[in-house]
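Please read the structure below before turning to the comments.
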Amino acid sequence: MSIVSNVQTKKRIPFLQLAKTIIATLLAWFVALLVYPDEQPIFAAIAAIIVVQPSINQSLGKAIERSTGVVLGVAVALGASLIFGSHSWLVLVAVIAAFIAGWLFKFTPGTSNQIAISAMLVIAIGSATPEYALGRIVETIIGATIAFIVNAVIVPPVALEPSQKAVSELGANIAEVLEDIGSVLRRSTSYEVLSNINTRARELRNQLNVAQATIQTAQESLRFNVIKGKHEKELDAEQQLLSQLAVLVTRTIGVARAVRDNYDESVIAEPGIAQIAEEFMRSAHDLRMLVRDAGLPAHNQSHPATNELPALTEPIRLTPPSGANWILIGFLMENLRRIRDEIIGVSD
Numbered sequence: 043m044s045i046v047s048n049v050q051t052k053k054r055i056p057f058l059q060l061a062k063t064i065i066a067t068l069l070a071w072f073v074a075l076l077v078y079p080d081e082q083p084i085f086a087a088i089a090a091i092i093v094v095q096p097s098i099n100q101s102l103g104k105a106i107e108r109s110t111g112v113v114l115g116v117a118v119a120l121g122a123s124l125i126f127g128s129h130s131w132l133v134l135v136a137v138i139a140a141f142i143a144g145w146l147f148k149f150t151p152g153t154s155n156q157i158a159i160s161a162m163l164v165i166a167i168g169s170a171t172p173e174y175a176l177g178r179i180v181e182t183i184i185g186a187t188i189a190f191i192v193n194a195v196i197v198p199p200v201a202l203e204p205s206q207k208a209v210s211e212l213g214a215n216i217a218e219v220l221e222d223i224g225s226v227l228r229r230s231t232s233y234e235v236l237s238n239i240n241t242r243a244r245e246l247r248n249q250l251n252v253a254q255a256t257i258q259t260a261q262e263s264l265r266f267n268v269i270k271g272k273h274e275k276e277l278d279a280e281q282q283l284l285s286q287l288a289v290l291v292t293r294t295i296g297v298a299r300a301v302r303d304n305y306d307e308s309v310i311a312e313p314g315i316a317q318i319a320e321e322f323m324r325s326a327h328d329l330r331m332l333v334r335d336a337g338l339p340a341h342n343q344s345h346p347a348t349n350e351l352p353a354l355t356e357p358i359r360l361t362p363p364s365g366a367n368w369i370l371i372g373f374l375m376e377n378l379r380r381i382r383d384e385i386i387g388v389s390d
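Each residue of the sequence shown is one higher than the one before, starting from 43 at the first, in the numbering used here.
In structure tokens:
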């Protein structure tokens with residue numbers, strides 16, 4: 043990891059968030075000046091900078107964290123000053139006491155750090171008196187409140203696009219694996235190709251985890267959001283679709299592994315295997331329909347158009363497979379049934 047990567051990101055924060063941080067900081071500074079005209083409202087400005095976050099829920103959390111840290115920090119500073127008087131080393135005593143308090147009461151790292159920073163600032167830049175301590179607490183509450191209001195009122199952030207993209211990509215990748223499974227059941231295939239399909243199927247689990255994480259982030263962005271109305275319905279639909287995809291991920295991984303482990307070229311000649319392969323292709327098609335009907339963006343525009351819904355119109359007629367092929371064919375039939383039931387929403 044380079045030194046630059048520790049201080050620089052690949053993507054800038056949204057300009058809107060930057061603008062809201064600046065606005066909140068300026069408002070907090072001047073409002074606090076109206077209340078305490080003889081003090082530089084540093085605590086109000088710091089609170090505003092910290093509280094403006096990518097979501098309203100995160101802003102509320104930071105506001106509580108910041109306010110709690112300041113209250114406890116100034117209390118530590120005031121207590122240390124009353125006990126030990128005014129000495130240059132008092133800052134170290136206050137900082138150590140703040141960290142110990144954070145550890146004893148199991149505060150978050152952010153709260154613990156805030157306690158120490160607040161205690162240090164109170165002692166370093168002001169007289170640790172009850173009046174001064176109360177002023178810094180009020181300052182912090184002013185800054186945190188203004189920042190929360192600014193973040194909630196000026197185009198509240200909604201993190202739906204990343205979740206839509208992640209869910210759409212997951213659906214498309216499951217469909218691609220199902221198509222490839224159908225393809226290898228129609229022709230002679232090398233073990234390397236089968237292993238590649240199995241590897242891609244296993245990667246679906248990580249993609250599912252990513253999609254679940256993005257939906258959680260989207261849900262968090264809607265909490266306490268004043269414009270969450272219509273977005274909640276969209277997110278509920280995404281969550282329902284992801285629940286279906288989660289089952290399909292498990293089924294697809296199992297089928298890909300079974301094909302890799304039990305594939306034999308003789309299976310291609312088995313009666314009914316062509317129909318089984320076709321149904322895997324149709325399942326992939328129907329899955330893309332499912333994603334499209336959920337209103338999610340198409341992951342890959344080169345995918346075939348999904349203008350109609352293929353359906354199993356005739357039962358697959360099987361004769362007893364030869365040799366050990368019955369293991370693979372039986373497994374494929376049962377999982378194919380379960381996959382299609384999940385896609386069309388039929389519960390077992």
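Note that the Cβ used here is the ideal one computed from N, Cα and C, for glycine as well.
Note that this is a predicted model, so its numbers are computed, not measured.
Residue from the options whose Cα sits closest to the Cα of residue i
| i | options | result |
| --- | --- | --- |
| G144 | A158, L132 and L250 | A158 |
| E262 | L202, E107, S160 and A122 | L202 |
| I92 | G115, G152 and V77 | G152 |
| P96 | T259, S160 and L176 | T259 |
| E307 | L132, Y233 and A298 | Y233 |
| P204 | Q254, L75 and D335 | Q254 |
| I223 | A316, Q249 and G177 | A316 |
| S225 | T110, S325, G115 and A74 | S325 |
| G111 | P83, T67 and S160 | S160 |
| S230 | Y305, E181 and Q286 | Y305 |
| V116 | S130, V77, P83 and R178 | R178 |
| G314 | L287, T256 and L374 | L374 |
| V291 | L68, L250 and P83 | L250 |
| S285 | G387, I239, S154 and V219 | G387 |
| R244 | I196, R302, A66 and T187 | R302 |
Closer than 8 Å to chain D by CB, residue i
| i | result |
| --- | --- |
| R244 | Note that chain D does not occur in the displayed structure, where there is just one protein chain. |
Inter-residue CB distance, residue i and residue j (contact presumed, cutoff 8 Å)
| i | j | result |
| --- | --- | --- |
| A140 | V118 | 5 Å |
| V135 | F126 | 6 Å |
| N367 | E312 | 6 Å |
| T294 | L332 | About 14 Å; that fails the 8 Å criterion. |
| K62 | V192 | 5 Å |
| A300 | L370 | 6 Å |
| A194 | A70 | The pair is not a contact, with the Cβ atoms about 15 Å apart (cut-off 8 Å). |
| E173 | A74 | Not confirmed; about 15 Å, so no contact. |
| A90 | G185 | 4 Å |
| A122 | L114 | With a Cβ gap of about 12 Å, A122 and L114 do not count as contacting. |
| A288 | V252 | Not really, about 12 Å apart at Cβ, beyond 8 Å. |
| L378 | F322 | 7 Å |
| A175 | L124 | Contact doesn't hold; Cβ gap of about 11 Å is too wide. |
| E107 | Q156 | 7 Å |
| L220 | I318 | So it is not a contact: roughly 12 Å between Cβ atoms. |
Outcome for residue i when other beta-carbon atoms lying within 10 angstroms are tallied against a minimum of 16
| i | result |
| --- | --- |
| G217 | According to the sequence shown, residue 217 is Ala rather than Gly. Its Cβ being crowded by 16 or more others within 10 Å, A217 is buried. |
| T355 | At T355 the pLDDT is 45, less than 50, meaning the model places this residue with poor confidence; the figure from the coordinates comes in the next sentence. Exposed, since its Cβ has fewer than 16 Cβ neighbours within 10 Å. |
| D278 | exposed |
| D80 | exposed |
| E280 | buried |
| T150 | exposed |
| I385 | buried |
| F72 | exposed |
| Q282 | exposed |
| F57 | exposed |
| D35 | In the structure as shown, the chain starts at 43 and stops at 390, and residue 35 therefore has no counterpart that could be examined. |
| A166 | exposed |
| S109 | buried |
| T241 | exposed |
| N215 | buried |
| S393 | Nothing in the structure corresponds to residue 393, since the chain is present only between 43 and 390. |
| T171 | exposed |
| D383 | exposed |
| V77 | exposed |
| S154 | buried |
| E376 | exposed |
Backbone secondary structure at residue i - three-state DSSP
| i | result |
| --- | --- |
| S308 | helix |
| I188 | helix |
| W368 | helix |
| V94 | coil |
| A61 | helix |
| P83 | coil |
| R229 | coil |
| Q202 | Checking the sequence shown, residue 202 turns out to be Leu, not Gln. Looking at L202 - three-state DSSP - the assignment turns out to be coil, as it is neither helix nor strand. |
| A217 | helix |
| S123 | helix |
| G115 | helix |
| S130 | coil |
| A298 | helix |
| G314 | coil |
| G387 | coil |
| A336 | coil |
*Quick one: complete alpha helix (DSSP H) runs, 4+ long, within the stretch 135 to 196?*
151 to 167 and 172 to 195
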